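Residue numbers (the numbering used here): 5 to 239.
Where a beta carbon is used, it is the ideal one built from N, C-alpha and C, also for glycine.
These numbers come from a predicted model, not from an experiment.
The block underneath contains the structure these notes are about, expressed in structure tokens.
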Ligand code: URA
């Protein structure tokens with residue numbers, strides 16, 4: 005059970021006082037009954053709450069999978085580019101989601117967004133060792149990549165040298181490969197490929213742990229995941 009005004013506030017229907025006014029004005033119903041007490045205890049799992057006649061979409065936790073297009077920033081806000089969080093539309097734009105492992109502006113593919121801090125942590129914490137899979141397009145043919153499988157020296161986001169943990173590398177063509185890494189340093193795949201004298205010209209994340217990007221999602225599209233899918237991402 006939770007207070008109606010808290011529930012609507014969490015879902016960004018307005019400030020406490022806006023919601024109080026809306027309730028007093030008869031704009032909120034619970035199971036079809038107009039409510040006058042903003043502090044009413046409701047069970048959003050079982051009651052049908054409506055605001056201005058529109059059903060209120062309630063989730064405690066929301067888990068979304070997005071196919072991030074190129075040119076979209078993995079952020080909540082940005083002054084120049086469109087953001088992944090900004091692509092979310094009603095009702096998901098009512099949730100304060102974070103991105104579980106960002107992708108560069110020019111990288112495409114699987115993004116997971118959630119308001120569940122525990123899941124976020126379990127996906128991005130290096131200790132959790134969740135492998136992320138990337139399909140990589142290279143500038144030059146891939147020759148010796150054994151160094152990637154042992155560890156290469158790259159600069160991290162703070163320009164400090166860092167030895168990468170072993171990556172799993174699988175050539176998929178003359179100038180393409182699949183790389184799995186359990187870390188997420190700044191520009192990590194690009195910097196690892198640079199460290200072996202090559203260059204990334206295309207990068208797409210296709211999996212986080214055992215969670216693979218839904219092939220029916222066009223670039224920019226997203227969908228809610230059920231908890232079983234979430235568990236695949238956190239192993
Ligand atoms: N590695 C990169 O270099 N960029 C990404 O976006 C993800 C991994």
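Exposure label - residue i; buried when at least 16 CB within 10 Å
i, result
"residue 137", "buried"
"residue 231", "exposed"
"residue 212", "buried"
"residue 202", "buried"
"residue 20", "exposed"
"residue 162", "exposed"
"residue 52", "exposed"
"residue 77", "buried"
"residue 223", "exposed"
"residue 42", "buried"
"residue 48", "buried"
Residue interval of the beta strand (DSSP E) (run including residue i)
i, result
"residue 228", "226 to 228"
"residue 211", "204 to 212"
"residue 275", "Shown here, the chain extends from 5 to 239; a query on residue 275 therefore has no answer."
Residue i versus residue j: straight-line alpha-carbon distance, rounded
i, j, result
"residue 150", "residue 10", "55 angstroms"
"residue 158", "residue 189", "9 angstroms"
"residue 241", "residue 28", "The requested residue 241 is not part of the displayed model; the chain covers only 5 to 239."
"residue 101", "residue 26", "26 angstroms"
"residue 16", "residue 173", "44 angstroms"
"residue 34", "residue 217", "37 angstroms"
"residue 185", "residue 108", "16 angstroms"
"residue 193", "residue 106", "13 angstroms"
"residue 111", "residue 169", "21 angstroms"
"residue 40", "residue 113", "46 angstroms"
"residue 115", "residue 85", "17 angstroms"
"residue 175", "residue 143", "14 angstroms"
"residue 160", "residue 134", "19 angstroms"
"residue 234", "residue 103", "14 angstroms"
"residue 131", "residue 187", "9 angstroms"
"residue 152", "residue 191", "15 angstroms"
"residue 81", "residue 89", "8 angstroms"
Endpoints, alpha helix (DSSP H) assigned at residue i
i, result
"residue 80", "Counting along the chain, residue 80 falls outside any alpha helix (DSSP H), and DSSP gives it neither H nor E."
"residue 237", "231 to 238"
"residue 193", "192 to 199"
"residue 21", "20 to 28"
"residue 9", "8 to 14"
Closest residue to residue i among the options (Cα-Cα distance)
i, options, result
"residue 96", "161, 113, 70 and 53", "70"
"residue 147", "129, 24, 155 and 177", "177"
"residue 182", "77, 206 and 74", "206"
"residue 3", "180, 67 and 14", "Lying outside 5 to 239, the shown extent of the chain, residue 3 is not represented and no answer is given."
"residue 221", "30, 239 and 72", "72"
"residue 99", "61, 126 and 82", "61"
"residue 204", "210, 139, 155 and 164", "139"
"residue 117", "57, 225, 8 and 7", "225"
Residue i CB to nearest heavy atom of the ligand GTP below 6 angstroms
i, result
"residue 72", "Among the ligands present in this structure, namely the ligand URA, the ligand GTP is not found."
- Uninterrupted beta strand (DSSP E) stretches inside the stretch 42 to 121 (no shorter than 3 residues): 53 to 55, 67 to 72 and 112 to 118
- Task: Enumerate, from N- to C-terminal direction, the unbroken alpha helix (DSSP H) stretches of 4 or more residues contained entirely within the stretch 135 to 186.
- Result: 150 to 154
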